[in-house]
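Below: the structure, in structure tokens.
What follows is the structure, encoded as structure tokens:
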């Protein structure tokens, strides 16, 4: 084995670094193109076949895709590597490339097992193209960091061992090892922006700056290092801005410079699993949340939930599953199952309202206008006032369970509500 050969050397370096991790096995994303074929072959030379598996994601976008599956199967049989084909549906959208990528990574994430590492054949040319695409989109340092060499992914990790290797090195490797590979005709279509960069723009630039791909890849690494510092600052700012309820204090955010306000809000949304908001959405978020009057409860919806302001804090509220509850009878002696996932525990009633246990009770949600009579109280209080005093957020009040005796609300159960 020639350890000076760029592809072989890159895999050796990766395996030496990876030996300190708990990686049990490797899953190679095998398209059948030169990059993934070289990657699989180089790994099969240095890793026991029992620790290797290849998967072909069939996007079903081209009639020839089933032939590529057969080609990949034959290659894996020749190398003694386990192989699987996964077919995915790609949603039709303005960017077919982005939708195909999304479908591909969803499928791959469902396959990854604990301590397994996904391997993809991205190389230095891909890195240069990604940096330029992000630059032309007006991305910040996170986007310009392009592709990381190693990142957590699903139940394991995702590595790109060939990021320092050129496309030419990969083709040379395939030629020396007599490896066949497939050519996807769509890679020649310059209507796709990546292909336009690859076939039109970069060759022009290379004529003037022969090392441009390596230079762009290095610039990307520098941006990644910058982004690490930005993330560290964001995490520290987030910790400083957290209230005692583990929510974002509006006062805390306002004490930061505008750049750090943007940074900490983006970081917070990222931790919540949200896509990065555009500058416009971020400005809207700050305007509504930071400048609202103290008694206001603004809300901005995102996928799967919303950002709300309550009692001087910003908080994330997952979409509440509304439950329809017809009034139901209860004696408080045993737990009452109210909805699929909601239970009213008898222990709670016995602890907080022992005087109601064994009585003829009715449990219902708020209808409007109800008043609460506390134990031995001569006066009733409106539920609205009670909720305000107990700090229950407005959007949760319809989810509170009212416990009535003789048509009067005697107790309110809110422990199933996650905030306040």
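Numbering (the numbering used here), first residue to last: 11 to 430.
Quick reminder that beta carbons are idealized off the backbone N, C-alpha and C, glycines included.
At what residues does the beta strand (DSSP E) containing residue i begin and finish?
i: residue 372; result: 371–374
i: residue 339; result: 338–340
i: residue 418; result: 418–423
i: residue 347; result: 346–349
i: residue 353; result: 352–354
Please work out which residues of its chain come closer than 7 angstroms, Cβ to Cβ, to residue i, disregarding the five sequence neighbours upstream and downstream, and give them in chain order.
i: residue 24; result: 169 and 171
Looking at the structure shown, is residue i part of a helix, part of a strand, or coil, going by DSSP?
i: residue 219; result: coil
i: residue 4; result: In the structure as shown, the chain starts at 11 and stops at 430, and residue 4 therefore has no counterpart that could be examined.
i: residue 179; result: helix
i: residue 243; result: helix
i: residue 429; result: Residue confidence for residue 429 is low, a pLDDT of 49 falling below 50, so the modelled location carries little weight and cannot support an answer.
i: residue 190; result: coil
i: residue 385; result: coil
i: residue 98; result: coil
i: residue 47; result: helix
i: residue 361; result: helix
i: residue 20; result: helix
i: residue 31; result: coil
i: residue 236; result: helix
i: residue 89; result: helix
For residue i, does the count of other Cβ atoms within 10 angstroms reach 16, so buried, or fall short, so exposed?
i: residue 239; result: exposed
i: residue 146; result: exposed
i: residue 111; result: exposed
i: residue 299; result: buried
i: residue 301; result: exposed
i: residue 13; result: exposed
i: residue 378; result: exposed
If you drop the 5 nearest sequence neighbours on each side, which residues of the same chain put their C-beta closer than 8 angstroms to that of residue i?
i: residue 295; result: 275, 287, 310 and 317
i: residue 28; result: 127 and 169
i: residue 26; result: none
For residue i, list the residues DSSP reports as bridge partners.
i: residue 60; result: Looking at the DSSP assignment, residue 60 forms no beta bridge with any residue, so it has no partner.
i: residue 168; result: 128 and 161
i: residue 326; result: 317
i: residue 36; result: 62 and 127
i: residue 411; result: 423
Just curious, the alpha helix (DSSP H) that residue i is in, first and last residue?
i: residue 69; result: Taken as a continuous stretch (DSSP letters only), residue 69 belongs to no alpha helix (DSSP H), as it is neither H nor E.
i: residue 263; result: 260–264
i: residue 393; result: 393–400
Can you list, in chain order, the residues of its chain with a C-beta nearer than 6 angstroms to that of residue i? Leave out the 5 residues immediately preceding and following it.
i: residue 48; result: 17, 180, 183 and 184
i: residue 297; result: none
i: residue 421; result: 363 and 413
Sorry if obvious, but does the Cβ on residue i come closer than 7 angstroms to a heavy atom of the ligand MG?
i: residue 99; result: What this structure holds is no ligand at all, so the ligand MG is not there to describe.
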